[in-house]
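What follows is a set of notes on a single structure, which appears directly below.
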Amino acid sequence: MATQVIDLRSDTVTKPDAEMRKAMAEAEVGDDVYGEDPTVRALEEEGAAALGFEAALFVPSGIMGNQIGLRLAAPRGTELLCDWRAHVLLYEVGALAALSGIQARPLPSEDGLPALEAFRAAIVPRGDYRVPTGAIALENTHNVAGGRAFGRDRIGPIVELARAAGLPVHVDGARIWNAAVALGTTPAELVRGATSVMFCLSKGLGAPIGSLLCSSRDRIAEAVEIRRQLGGAMRQVGVVAAAGRVALRRGPERLAADHAHARRIAEALAERPEVEIDPDVVDTNIGIFAIRPRQGAGEGAPARDWGARARAAGVLLSALDDRRVRFVTHRDLSATDVEEALRRLGGLA
Ligand SMILES: *Cc1c(COP(=O)(O)O)cnc(C)c1O
Numbered sequence: 028m029a030t031q032v033i034d035l036r037s038d039t040v041t042k043p044d045a046e047m048r049k050a051m052a053e054a055e056v057g058d059d060v061y062g063e064d065p066t067v068r069a070l071e072e073e074g075a076a077a078l079g080f081e082a083a084l085f086v087p088s089g090i091m092g093n094q095i096g097l098r099l100a101a102p103r104g105t106e107l108l109c110d111w112r113a114h115v116l117l118y119e120v121g122a123l124a125a126l127s128g129i130q131a132r133p134l135p136s137e138d139g140l141p142a143l144e145a146f147r148a149a150i151v152p153r154g155d156y157r158v159p160t161g162a163i164a165l166e167n168t169h170n171v172a173g174g175r176a177f178g179r180d181r182i183g184p185i186v187e188l189a190r191a192a193g194l195p196v197h198v199d200g201a202r203i204w205n206a207a208v209a210l211g212t213t214p215a216e217l218v219r220g221a222t223s224v225m226f227c228l229s230k231g232l233g234a235p236i237g238s239l240l241c242s243s244r245d246r247i248a249e250a251v252e253i254r255r256q257l258g259g260a261m262r263q264v265g266v267v268a269a270a271g272r273v274a275l276r277r278g279p280e281r282l283a284a285d286h287a288h289a290r291r292i293a294e295a296l297a298e299r300p301e302v303e304i305d306p307d308v309v310d311t312n313i314g315i316f317a318i319r320p321r322q323g324a325g326e327g328a329p330a331r332d333w334g335a336r337a338r339a340a341g342v343l344l345s346a347l348d349d350r351r352v353r354f355v356t357h358r359d360l361s362a363t364d365v366e367e368a369l370r371r372l373g374g375l376a
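So the sequence shown is numbered by this note's numbering: it starts at 28 and just counts up by one.
Set out below in structure tokens:
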């Protein structure tokens, strides 16, 4: 009997549920390039309202949403201040430089959010010999720092600093709903004062495709042009936006359970001698752990080796590099699946 593989690689692996598929089948559509798709318009209005912005733009991917937001935020030939492990820096195929002529200036941090003082010290005014600062990017939750969620107490002062320096702030909020649920607040509160935010419908919220870029009406009007330039303008895309509307309405309800599952996995893994993880820093649905090299195995790539053995046992994880492995919980995993995954991982030699 084939056992079902348990997929902990990402929350992007979720499949549209029956309610989403029904909404997709019944969606009213029109040509969105003419601004005539009523389902897309409704999604954009609902998304903007939820995040506390005037307007939003539906884009095919989180990367496109980030890159449009950043293009609008930082002029060519300026620096974007961001965390050293930011998605916009490390996982967007050089788009900042390649598409927008923006130079990233990575700042150090322990948990994914550089200190206020680090931002303050890094800001270069125009008219200096150095590259001027164009904008600030923040990531919440922070993906490869392990799904860390940052509250208003940490975000607020950075937004204030940027405002005083006349700098736009773009929030890569791919998982801003996870942050809000974990912190017992709203996404709007977390992004208040920022210039733009991108969030994904296709991750923990469960839609098959799509993200929203939220900002002022003027910026979103410009964003429409850039989306078109990037080849991201779509036609009767209400069939997809319909799933996004269900994701936005119903998705957040589920996230607390995903977070509890991630905490459970972290606590169980912390018991294993070869695993290094602190369950107390698993704020949301992502956990990152290190694998200690096996006795006599040399340096090698213990994380890749461990990941391959987990795969053979029927659990999929992501090796981030030679030492570190990431797991992500999501709505297609039940509490029973989580226990079964732990049982299989518990059997690894
Ligand atoms: C997934 C992700 C993105 C990009 O989303 P795609 O839809 O895969 O393009 C951006 N930022 C962060 C932090 C992410 O985790």
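Here a beta-carbon is modelled for each residue, glycine too, at the ideal position from N, C-alpha and C.
Residue i vs residue j beta-carbon contact at 8 Å
i: Asp38; j: Ala113; result: no
i: Val355; j: Gly334; result: no
i: Ile203; j: Pro195; result: no
i: Arg139; j: His169; result: The question names Arg, but residue 139 is Gly in the sequence shown. Yes, Cβ-Cβ distance for Gly139 and His169 is below 8 Å.
i: Gly96; j: Ala201; result: no
i: Asn205; j: Thr311; result: yes
i: Val308; j: Arg179; result: no
i: Gly173; j: Ile313; result: yes
i: Arg254; j: Leu84; result: yes
i: Asp285; j: Gly231; result: yes
i: Ala283; j: Val208; result: yes
i: Asn93; j: Met261; result: no
i: Ala337; j: Leu375; result: yes
i: Val264; j: Val67; result: yes
i: Cys227; j: Ala75; result: no
i: Ala52; j: Ser223; result: no
i: Ala50; j: Ala270; result: yes
i: Leu239; j: Glu63; result: no
i: Arg132; j: Ala149; result: yes
i: Val302; j: Leu35; result: no
i: Arg319; j: Pro306; result: no
i: Arg331; j: Asp349; result: yes
Contact test: residue i Cβ vs ligand 2 heavy atom, cutoff 7 Å
i: Ile315; result: For ligand 2, the structure offers nothing, since it holds only ligand 1.
Bridge partners - residue i, DSSP secondary structure assignment
i: Ala131; result: Leu107
i: Thr136; result: For clarity, residue 136 is Ser in the given sequence; the question names Thr instead. Answer is none; Ser136 lacks a bridge partner.
i: Arg244; result: According to DSSP, which records beta bridges pairwise, Arg244 is partnered with nothing at all.
i: Glu166; result: Asp199
i: Leu343; result: Asp34
i: Thr424; result: One cannot answer for residue 424 here, as it falls past the ends of the chain, which runs 28 to 376.
i: Phe354; result: Gly314
i: Arg175; result: His169
heavy atom of ligand 1 below 7 Å from residue i C-beta
i: Asn205; result: no
i: Cys227; result: yes
i: Gly89; result: yes
i: Lys42; result: no
i: Asp34; result: no
i: Asp199; result: yes
i: Glu298; result: no
i: His114; result: yes
i: Ser238; result: yes
i: Asn312; result: no
i: Asn366; result: Residue identity differs from the one stated: residue 366 is Glu in this sequence, not Asn. Every heavy atom of ligand 1 is 7 Å or more from the Cβ of Glu366, so no.
i: Glu166; result: yes
i: Lys230; result: yes
Interface flag, residue i vs chain B, CB-CB below 8 Å
i: Ala330; result: Here there is only one protein chain, and chain B is not present.
**Request:** For the region 103-113 and the region 157-176, state whether three or more C-beta atom pairs, one from each stretch, are separated by less than 8 Å.
**Result:** Touching, yes, given that three or more Cβ pairs across the two stretches are closer than 8 Å.
**Touching by the beta-carbon criterion (3+ pairs, under 8 Å), the region 172-190 and the region 117-132** = Short answer: they don't touch.
**Stretch pair the region 227-237 + the region 261-275: three plus CB contacts closer than 8 Å** = Output reads yes: the region 261-275 touches the region 227-237.
**Request:** Indicate whether the contact test is met: 3 or more Cβ pairs, each with one atom in the region 37-47 and one in the region 56-65, closer than 8 Å.
**Result:** Segments in contact, no.
**Asked** Can you list the alpha helix (DSSP H) stretches of 4 or more residues lying completely in the region 60-128, in chain order?
**Response** As summarised for the region 60-128, the continuous alpha helix (DSSP H) elements at least 4 residues long and confined to that stretch are 65-78, 89-100, 114-117 and 122-127, given in chain order.
**Request:** Could you tell me which uninterrupted beta strand (DSSP E) segments, each at least 3 residues in length, are contained entirely in the region 277-328, listed from first to last along the chain?
**Result:** Runs found: 313-318.
**Asked** Counting Cβ pairs, one atom from each stretch, are 3 or more of them under 8 Å apart for the region 364-374 and the region 282-298?
**Response** By the Cβ test, the region 364-374 is in contact with the region 282-298, since at least three Cβ pairs between them sit closer than 8 Å.
**Whole alpha helix (DSSP H) elements within the region 223-270, 4-residue minimum** = Counting only runs that start and end inside the region 223-270, the alpha helix (DSSP H) elements of at least 4 residues fall at 244-256.
**Request:** Could you say if the region 71-80 and the region 282-293 meet the contact criterion of at least three C-beta pairs nearer than 8 Å?
**Result:** Under the three-pair Cβ rule at 8 Å, the region 71-80 does not count as touching the region 282-293.
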